[in-house]
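Residue numbers (my numbering): 13 to 128.
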């Protein structure tokens, strides 16, 4: 009976720790979002901040808004303009590289940039 109670206490402790970590992570990510929202909007939206830039422009300048020390290889804007298959390939690479599931243990700023 004592072992069963100890096991339940341990499970409760682990659950509480996990919930605290999730709460802290959400708070940290929200703070990072507040700091980065304007920078990412300037990158992704037109000068009047009303419309989104075209996909070729975003893919060609993605390296400017990535987190430090990333392994993203900049895409040539000229290649993106000449070939729709280059756009398709670049888009797929970007989606895979920035997928949120690949950044669960990353710092909050990196997670926000990846999800955005």
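Ideal placement from N, C-alpha and C gives every residue a C-beta, glycine not left out. Note that the structure is a prediction, hence the values are computed from the model and not measured.
Tell me, to the nearest whole angstrom, how far the beta carbon of residue i is from that of residue j; I am working on the premise that it is less than 8 Å.
i: residue 123; j: residue 41; result: 6 Å
i: residue 55; j: residue 81; result: So it is not a contact: roughly 19 Å between Cβ atoms.
i: residue 48; j: residue 121; result: 7 Å
Within 10 angstroms of its Cβ, does residue i collect 16 or more other Cβ (buried), or is it exposed?
i: residue 25; result: exposed
i: residue 112; result: exposed
i: residue 14; result: exposed
i: residue 89; result: exposed
i: residue 86; result: exposed
i: residue 125; result: buried
For the alpha helix (DSSP H) containing residue i, name the first residue and the last one.
i: residue 24; result: 14 to 56
i: residue 114; result: Taken as a continuous stretch (DSSP letters only), residue 114 belongs to no alpha helix (DSSP H), as it is neither H nor E.
i: residue 128; result: Segment: none, residue 128 is in no alpha helix (DSSP H) and carries neither H nor E.
i: residue 71; result: 67 to 73
i: residue 92; result: 89 to 94
Check whether the Cβ of residue i lies closer than 8 Å to any Cβ atom in chain D.
i: residue 36; result: Absence of chain D from the displayed structure is noted, only one protein chain being present.
- [ ] Specify whether the region 15 to 30 and the region 94 to 106 touch according to this definition: at least 3 beta carbon pairs, one from each stretch, less than 8 Å apart.
- [x] no
- [ ] Pair every Cβ in the region 64 to 72 with every Cβ in the region 85 to 99, then say whether three or more of these pairs are closer than 8 Å.
- [x] yes
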